[in-house]
Amino acid sequence: MLLILVCAFSAPAISGGCVVETTSGDLRITTQPVSECSGYVVLDAQEYSQYPTLKSLFAFPDAKDLGKVWSIGAGLPMFSYLIAWAFGSVVNFINPRE
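Its first residue numbered 505, the sequence shown is counted upward by one per residue in our numbering.
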């Protein structure tokens, strides 16, 4: 939460800049390259929109996609049971135990 505030209120936003924590606990934007950064990485809005976030990973799917998943989840066990029942009927017809 604090990192977001630093990004929102810093006027000269450094694209892909490095933010490190000072000894007093404050965050400070440095000019270190991102590859050498040992703290947090600050992104501008355009760069941030290119990366997937947790919100997009856990987003609710479309109704069509949800319907397909529901059909597969409900239909696959039923279809498997019917195939196993038919196979068992054929085997019991050929080789009755009585």
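The beta-carbon is built from N, C-alpha and C at its ideal position, and this holds for glycine as well.
Query                                                                                                        : Result
First through last residue of the beta strand (DSSP E) which encompasses Tyr544                              : Tyr544 to Val546
Bridge partners - Cys522, DSSP secondary structure assignment                                                : Thr534 and Val545
Nearest-angstrom beta carbon gap, Gly521 and Ile533 [assumed within contact, 8 Å]                            : 5 Å
Helix, strand or coil at Tyr585 according to DSSP, with G and I counted as helix                             : helix
Val545, buried or exposed, once every other Cβ within 10 Å from all chains shown has been counted against 16 : exposed
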